[in-house]
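Asker: Here it is, the structure in full.
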Amino acid sequence: MKLCITGGGTGGHLMIAEALVESAVANGHEVIFIGSTKGQDQKYFAKHSAFCSVYFLQTSGVVDKKGFAKLTSLFYILKAFFKSRKILKKHNIQATYSVGGFSAAPASLASLSRFIPLYIHEQNAVSGRLNSLLKPFAKSFISAYDKNSTIQGYPVKDVFYKNARVRKKLETIIFLGGSHGAKAINDLALSVAKELDKKGIKIIHQAGESDFQRVEEAYKELGIDVELYAFTKEMPSLMSRADLAVSRAGASTLWELTVNGLVSFFIPYPYAAGDHQYYNAKFIVDNEMGWCQREGDDLKEKLLSILDEDLEKRSEKLLGYAKKDVASQMIKAVKENIK
967 MKLCITGGGT GGHLMIAEAL VESAVANGHE VIFIGSTKGQ DQKYFAKHSA
1017 FCSVYFLQTS GVVDKKGFAK LTSLFYILKA FFKSRKILKK HNIQATYSVG
1067 GFSAAPASLA SLSRFIPLYI HEQNAVSGRL NSLLKPFAKS FISAYDKNST
1117 IQGYPVKDVF YKNARVRKKL ETIIFLGGSH GAKAINDLAL SVAKELDKKG
1167 IKIIHQAGES DFQRVEEAYK ELGIDVELYA FTKEMPSLMS RADLAVSRAG
1217 ASTLWELTVN GLVSFFIPYP YAAGDHQYYN AKFIVDNEMG WCQREGDDLK
1267 EKLLSILDED LEKRSEKLLG YAKKDVASQM IKAVKENIK
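Mapping to the numbering used here: the sequence shown position 208 is 1174, numbers consecutive.
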């Protein structure tokens, strides 16, 4: 099978693309990638990837633009649309999988124009504008939050399953401020550090590169010994050691925590499109698998109350909900539909 994977812009979308290409190539399929020169697409796939060919076209988001800027973005998408048609023809692509994001538009539309089956994965509880627009024309629309989805679960790298375990006792907490840093989470960590230290709870903290120095100095002033990172690629290992996480609710991170059985207190990014991080976390809360509180509320009081909660029951629920080999199922479904 010759497959095109398209989409990206942010790490969340690109991690899905990464999981899909690894599964497809492991099953002997040939896969190309069509993304954008903007966003993180090139950072992920320009130099090292399992794709046989990668293409980065000049595009940018449309939703957040107005006036002339919006017209310019639409013009670049139109140019990329025609380039995508040529790329799809050159590689004799039989199916296209969109992982969402603005960079998915040209190849997705080009696939439909060439009558190439389009498959879509929606990573968030609230569908993005592009995915909502293309859904009626897609051969299949996969979402971990939709009970009617033909495939349940979320494509996550195997390492998060391998390190999974039931959390029974709170000995280590991990604060995930993200690669760029989330000040609200960093400030929360600093505000509860003394209480955690008194309880003998170890702290792992990814503060983000932009806020690292401030956080490091604050911990020194508090006299608290923590395992502090600006950014690290050892997240699977760090998560496996933790018993409770405090995190934003971006889809990829949320599902990595879920399949690992790591119970979490989510603090959604308040400016996410369509408030999707809140609804991602709400899905976990509604199924009694974790907690969520908006920024600006009393985060410290909430977190301190969570320290005495039953982790084991929620951790078992997370592992029970986690579905393995989702990426393989997604690729297998495409292969079975190709004549």
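No residue lacks a Cβ here, since even glycine has one placed at the ideal position from N, Cα and C. Predicted model only: the values in this text are computed from it and were never measured.
Gln1118 CB to nearest chain D CB: under 8 Å?
Answerer: Of the protein chains in the structure, only one exists, and it is not chain D.
Asker: Which residue's Cα is closest to the Cα of Lys1279: Lys1266, Phe1017 and Gly1227?
Answerer: Counting from 1 along the sequence shown, the entry for residue 1279 is found at position 313. The shortest C-alpha separation from Lys1279 is found at Gly1227.
Asker: Leaving out five residues on either side along the sequence, give the residues of the same chain with a beta carbon under 7 Å from the beta carbon of Leu913.
Answerer: This structure cannot settle anything about residue 913, because the visible part of the chain is limited to 967 through 1305.
Asker: When the Cβ atoms of the segment 1155-1174 are set against those of the segment 1010-1025, are three or more pairs found closer than 8 Å?
Answerer: The segment 1155-1174, when compared against the segment 1010-1025, does not touch it at the 8 Å Cβ threshold.
Asker: Please report the Cβ distance between Phe1041 and Leu1075, rounded to the nearest whole angstrom; I am assuming they are in contact, meaning their Cβ atoms lie under 8 Å.
Answerer: Reading the sequence shown from its first residue, position 75 is the one you call residue 1041. Reading the sequence shown from its first residue, position 109 is the one you call residue 1075. Not quite, the Cβ-Cβ distance comes to about 14 Å (not below 8 Å), so this is no contact.
Asker: In three-state DSSP terms, what is Glu1193?
Answerer: The sequence position of residue 1193 within the sequence shown is 227, counting from 1. Strand at Glu1193.
Asker: At 3 residues or longer, what runs of the beta strand (DSSP E) sit wholly inside the segment 977-1059?
Answerer: 996-1002 and 1019-1023
Asker: I need the boundaries of the alpha helix (DSSP H) containing Leu1078, first residue and last residue.
Answerer: Counting from 1 along the sequence shown, the entry for residue 1078 is found at position 112. It spans Ala1071 to Ser1079 - the alpha helix (DSSP H) in which Leu1078 sits, taken as one unbroken run.
Asker: Going along the chain, which unbroken runs of the alpha helix (DSSP H) with 4 or more residues stay wholly within the segment 1156-1187?
Answerer: none
Asker: Report yes if the CB atom of Tyr1111 is closer than 8 Å to the CB atom of Ala1091, and no otherwise.
Answerer: Position 145 of the sequence shown, counting from 1, holds the residue named residue 1111. Position 125 of the sequence shown, counting from 1, holds the residue named residue 1091. Contact flag set, yes.
Asker: Quick check on DSSP: helix, strand or coil for Lys1134?
Answerer: On the sequence shown, residue 1134 is found 168 positions in, with the first residue counted as 1. It is coil, neither helix nor strand.
Asker: Can you look up Leu1228 in the DSSP assignment and give me helix, strand or coil?
Answerer: In the sequence shown, the residue the question calls residue 1228 occupies position 262. Note: Leu1228 maps to coil in three-state DSSP.
Asker: Suppose contacts are defined by Cβ-Cβ distances below 8 Å. Is Met1205 in contact with Leu1194 by that definition?
Answerer: Counting from one through the sequence shown, the residue named residue 1205 turns up at place 239. Counting from one through the sequence shown, the residue named residue 1194 turns up at place 228. The answer is no: Cβ separation not under 8 Å.
Asker: Report the start-end ranges of each alpha helix (DSSP H) in the segment 1232-1269 that is 4 residues or longer and not cut off at the edges.
Answerer: Whole alpha helix (DSSP H) segments, 4+ residues: 1242-1252.
Asker: Where do the ends of the alpha helix (DSSP H) carrying Leu1096 lie?
Answerer: For this step, residue 1096 is matched to residue 130 along the sequence shown. Its alpha helix (DSSP H) spans residues Arg1095 to Leu1100.
Asker: Please report the distance separating the alpha-carbon of Gly1143 from that of Leu1084.
Answerer: Residue numbering aside, residue 1143 sits at position 177 when the sequence shown is read from its first letter. Residue numbering aside, residue 1084 sits at position 118 when the sequence shown is read from its first letter. Distance between the alpha carbons of Gly1143 and Leu1084: 35 Å.
Asker: On a CA-only basis, which of Phe1197, Asp1209, Pro1202 and Ile1170 is nearest Asp1191? Give me that one, please.
Answerer: For this step, residue 1191 is matched to residue 225 along the sequence shown. It is Ile1170.
Asker: Let me know the secondary structure DSSP gives Thr972 once reduced to three states.
Answerer: Stepping through the sequence shown from its first residue, residue 972 is reached at position 6. In the structure shown, Thr972 sits in a strand (DSSP, three-state: E or B).
Asker: How long is the line joining the alpha carbons of Leu1078 and Glu1088, rounded to whole angstroms?
Answerer: For the purposes of this step, residue 1078 is identified with residue 112 of the sequence shown, where counting begins at 1. For the purposes of this step, residue 1088 is identified with residue 122 of the sequence shown, where counting begins at 1. C-alpha separation (whole angstroms): 18 Å.
Asker: Would DSSP call Leu1223 helix, strand or coil?
Answerer: Looking up residue 1223 in the sequence shown gives position 257. Three-state DSSP puts Leu1223 in a helix.
Asker: Taking buried to mean at least 16 other C-beta atoms within 10 Å of its own C-beta, is Ser989 buried or exposed?
Answerer: In the sequence shown, the residue the question calls residue 989 occupies position 23. That one is buried.
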